[in-house]
Amino acid sequence: MESIYRKKLGAALIGAAVLLAGCHSKNPGTTNSAAKGTAKRWVIGMSQCTLGEPWRVQMDADIKKAARKYPRLKIIFKDAQNSVLQQRAQIAEFVQSGVNLIIVSPKETAPLTEPLAKAYQAGIPVIVLDRAVLGNQYTCFIGASNTAIGRAAGKWIVNKLHGKGNVVELEGSMTSSPGQERNSGFRQAIKGTDIHVIFTADMKWQQSIARREMESALTRFPNINLVYAANDPGAYGAYLAAKAAGRAKKIIFVGIDGLPSLGLAYVAQGYLDATFRYPTCGRHAIAAAWKILHGQKVPKRITLPSRLFTKQNLAEGGQPLP
Amino acid sequence: MNQTTPRSNTPAPAGGPSKSDSPSGAVVVENPHEGGRRVGALLHWMGTPVARAMAALLLVLVLGTIFNANGSFFKIATQRDTLREVSDYGILACGMTLVIITGGIDLSVGSVLALVGVCFSIMSIHWGWSAWIVIPFSLLIGAAVGAFSGGLVAWFGIQPFIATLAMMVFARGLAEYISGNMEVSTAMANPDGTYHYVPVPAIFQSINSSVLGGYLAVVTVILMFCAAVAWLILSRHRWGRYLFAIGGNEEAARLSGVPVVGAKIGAYMASGLFAAVAGICQAAQEQQGDPRAGIGSELTAIAIVVIGGTSLMGGRGGMGLTLLGMLTIGYMEKILSLNAVPDAGRLMLTGVIIVTAVLAQRRRE
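Chains A and B supply the protein sequences, listed in that same order. For what it's worth, our numbering labels the leading residue of the first sequence as 23, then goes sequentially. For what it's worth, our numbering labels the leading residue of the second sequence as 2, then goes sequentially.
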């Protein structure tokens, strides 16, 4: 990792050369470097809607990592850069180049239904991740439920606070469905208890905004028991605000996402008390792909459960939630 | 603290790109002493840009006194937090003031902030380099990026909006590329895909801390230093006078011997440098480098400068005005946050306040 960064930064300073290097290594289908010399039998096309979110970067990384365990898999990664049109084009390219299977994490459901159905009818298996497309013209959908994760976090919080306490809620962008669902699941779970949400703010998934809002909550309320944030960086921002005010030890911090380099790091270093993983589906997608390629049946819909990570269970890989 | 353009003393040559024919009337040349003699010193003072910028700030503070969130608004912690939260924007606004006074604009500051924040974090967290090497190197990156934009504007005559827009996109892409599009956190990947965790470097802790018994954030001290530097440049240095002259009338400035190209490149370079300082502060406050940091903060910086009363047309304004604009924006955000106003309401109220402040700044015809 270190040497990669050094190389990258060095290149960056040289200037324009880096752009060419960057384009070269990033865009045209980075291949799986495992299995040197062996014949690569299966080619999988993977279209990611955007790499502008850490969770999606992690999804690609998980797919790459999982594919290493299967020596005859070659994966072509494409990034649609947040554009539906580009993603449609990528699927058409996959069909034309004759890949054996398509994995897609769609930007939007409706516009991608038709090109994926065409690929499916042409006999190419299609695995859809995270956001389902309409109809049934695909082989398998793998995703997780934000509402369920919000509810699981809410239940854990009720238990942790013995059903009573003051909570600050830092919402994710409330114009996005993950933000709304993580909020509504949490609210369902604490309904009817003596847990009061005394302060809410939309921190738009951003740590710096979360810190600002938490500072306001801290000046206004002398008694805060817990912070529930819709993502881990948000919870970490709240922790930093409380730490600067000397109140971090009295408050419990709970986040969502559980990415290894972010949420789990915060839990391991004692900043957050708990994080709930929103699974990236990467490993499961490759496992399902392998089965499909070998003619085995897979369920049409797979909903992945969340995992709870606390400092106590981090070493054994978290605790599965129902 | 504030400067008026030397334009009123230098008649614009015929055919030059004079801006006095602007239909908004915002740049009409006037003699600031004309009204003062007639109506009295106080009224004259109330007509100055400083007084107008103070009026906008006062309006916001009155709102804060009314909607004080059970007295939270009056606490010392609130003042400290407000200043800390607005410091990053304020540092960006220092450089933005220099650029806007030349009649230009720098849209790249938010991306440069992210780029420098990411590089700063990689060098100090992942490589473990000393702060004495990392900080100069980070500042150099910002200055180089700024000088490049300045070169595009001054040498190649590309419009500032376009040149810095291109740099905004490029620097963001570079930040994403260098960071692998992930936050540069204290988690470091092992070859087998697992992670080990390293402590946060001391420099991150020091910039993130506070002084004076916890009543003043270190980033606010850094902001004050940056503002002092920008103020010295604008009001005490020849280069500052060049910037005003260029903003007033570039052709006239060139004809009267102002080194236009050098002075302009310098302004953009300073803007990049201040953006680098803001990037270091941002990374330290987040305790990690974030390639998505500072999206849209160039607009906040521009709003701060404009609310202060520095003209987007160039040639008129000052650092003191920018600080007043910064306090206006900072306190407005704090009041909205303390009262937990929902996001939709915040956006609308922010728009209303900006328009009100700018209307208060409008000069008499």
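Here a beta-carbon is modelled for each residue, glycine too, at the ideal position from N, C-alpha and C. All values reported here derive from a predicted model rather than from experimental measurement.
>> My assumption, with CB atoms under 8 Å, is that L322 (chain B) sits in contact with G331 (chain B). Please give the rounded CB distance.
In response: Not a contact, Cβ separation roughly 15 Å.
>> Once DSSP output is grouped into helix, strand and coil, what is the label at A251 (chain A)?
In response: When DSSP states are grouped into helix, strand and coil, A251 (chain A) belongs to the strand group.
> Looking at the structure shown, is E287 (chain B) part of a helix, part of a strand, or coil, going by DSSP?
Replying inline: When DSSP states are grouped into helix, strand and coil, E287 (chain B) belongs to the helix group.
> Do A267 (chain A) and L240 (chain A) have their C-beta atoms closer together than 8 Å?
Replying inline: Contact flag set, yes.
> In the segment 292–338 of chain B, which residue ranges form an unbroken alpha helix (DSSP H) of at least 4 residues, counting only runs that do not cross its ends?
Replying inline: If we require 4 residues or more, the alpha helix (DSSP H) runs fully inside the segment 292–338 of chain B come out as 298–309.
> In chain B, which residues lie with their C-beta within 9 Å of the C-beta of V249 (chain A)?
Replying inline: Under the 9 Å cutoff, chain B gives no residues; its nearest Cβ is about 14 Å from V249 (chain A).
> Does the beta-carbon of H306 (chain A) have 16 or more other beta-carbons within 10 angstroms, so that it is buried, or is it exposed?
Replying inline: It counts as buried.
> Which one of A:Q70, A:W312, A:I246 has the shortest CA to CA distance from I220 (chain A)?
Replying inline: Of the candidates A:Q70, A:W312, A:I246, the one whose C-alpha sits nearest the C-alpha of I220 (chain A) is A:I246.
> Which of helix, strand or coil does DSSP assign to L156 (chain A)?
Replying inline: Here L156 (chain A) sits in coil by DSSP.
> Run through DSSP, which three-state label would C325 (chain A) get?
Replying inline: Per the sequence shown, residue 325 (chain A) should be read as Thr rather than Cys. It is a strand residue.
> How is A144 (chain A) classed by DSSP in three states: helix, strand or coil?
Replying inline: Looking at A144 (chain A) - three-state DSSP - the assignment turns out to be coil, as it is neither helix nor strand.
> In whole angstroms, what separates the C-alpha of K129 (chain A) from that of I324 (chain A)?
Replying inline: Here the alpha carbon of K129 (chain A) sits roughly 19 Å from the alpha carbon of I324 (chain A).
>> Taking contact to mean 3 or more Cβ pairs, one atom from each stretch, closer than 8 Å, check whether the segment 283–302 of chain A and the segment 327–337 of chain A are in contact.
In response: Segments in contact, yes.
> Would you say V150 (chain A) and Y142 (chain A) are within 8 Å of each other, going by their C-beta atoms?
Replying inline: Contact: no.
> If you run the structure through DSSP and keep just helix, strand and coil, what is M189 (chain B)?
Replying inline: M189 (chain B): strand per DSSP, three-state reduction.
> L294 (chain A) touches chain B at which residues, Cβ-Cβ below 8 Å?
Replying inline: Against chain B, a Cβ distance below 8 Å from L294 (chain A) picks out nothing, because the smallest value is about 13 Å.
> Any C-beta of chain A sitting closer than 8 Å to the C-beta of M168 (chain B)?
Replying inline: Contact with chain A is absent for M168 (chain B), since none of that chain's Cβ atoms lies less than 8 Å from the residue's Cβ.
> Is the segment 284–291 of chain B in contact with the segment 156–163 of chain B, if contact means three or more CB pairs nearer than 8 Å?
Replying inline: Fewer than three Cβ pairs drawn from the segment 284–291 of chain B and the segment 156–163 of chain B lie within less than 8 Å of each other, which leaves the two stretches out of contact.
>> Taking CB distances under 8 Å as the criterion, tell me whether E237 (chain A) reaches chain B.
In response: Interface residue, yes.
>> One question on the structure: do A54 (chain B) and P282 (chain A) come within less than 8 Å of each other, judged by their Cβ atoms?
In response: Here A54 (chain B) is not near P282 (chain A), since their CB atoms are 8 Å or more apart.
> Should S125 (chain B) and P202 (chain B) be called a contact, given that it needs their Cβ atoms to be closer than 8 Å?
Replying inline: Contact flag set, yes.
> Can you check whether the CB of K335 (chain B) is closer than 8 Å to the CB of T83 (chain B)?
Replying inline: Cβ distance < 8 Å, so T83 (chain B) and K335 (chain B) count as in contact.
>> Is the beta carbon of W227 (chain A) closer than 8 Å to that of N253 (chain A)?
In response: Yes, these two residues count as a Cβ contact at 8 Å.
> What residue does the alpha helix (DSSP H) around R299 (chain A) start on, and which one ends it?
Replying inline: That residue, R299 (chain A), is in no alpha helix (DSSP H); its beta strand (DSSP E) goes 296–299.
> Is G1 (chain B) helix, strand or coil by DSSP?
Replying inline: Lying outside 2 to 366, the shown extent of chain B, residue 1 (chain B) is not represented and no answer is given.
> In whole angstroms, what is the alpha-carbon distance linking T197 (chain A) and N250 (chain B)?
Replying inline: So the two alpha carbons sit approximately 45 Å from each other.
>> Quick check on P244 (chain A) - is its C-beta less than 8 Å from some C-beta in chain B?
In response: P244 (chain A) does not count as touching chain B.
>> Tell me the rounded alpha-carbon separation between V65 (chain A) and N335 (chain A).
In response: Approximately 37 Å, taken between the alpha carbons.
> How about A246 (chain B) and V259 (chain B): do their beta carbons lie closer than 8 Å?
Replying inline: In terms of Cβ geometry, A246 (chain B) and V259 (chain B) form a close pair [threshold 8 Å].
> For chain A, is any of its Cβ atoms less than 8 Å away from the one on T165 (chain B)?
Replying inline: Taking Cβ atoms only, chain A never reaches closer than 8 Å to T165 (chain B), which makes this a no.
>> Rounding to the nearest angstrom, what Cα-Cα distance links I223 (chain B) and L337 (chain B) in this structure?
In response: Rounded to whole angstroms, I223 (chain B) to L337 (chain B) spans 25 Å at the Cα level.
> Bridge partners of V190 (chain A), per DSSP?
Replying inline: V190 (chain A) is bridged to A:F221, A:V249.
> When Cβ atoms are compared, which residues of the segment 76–105 of chain A fall closer than 7 Å to chain C?
Replying inline: This model lacks chain C altogether, as its protein chains are A and B.
> Can at least three beta-carbon pairs, one atom from the segment 67–83 of chain A and one from the segment 103–122 of chain A, be found at a separation below 8 Å?
Replying inline: Contact annotation: the segment 67–83 of chain A touches the segment 103–122 of chain A, with at least three C-beta pairs closer than 8 Å.
> Within the 8 Å Cβ cut-off, does L224 (chain B) reach chain A?
Replying inline: Closer than 8 Å: no.
> Given N340 (chain B), which residues of its chain have a CB within under 6 Å of its CB, disregarding the five upstream and five downstream residues?
Replying inline: Contacts found: F68, A70.
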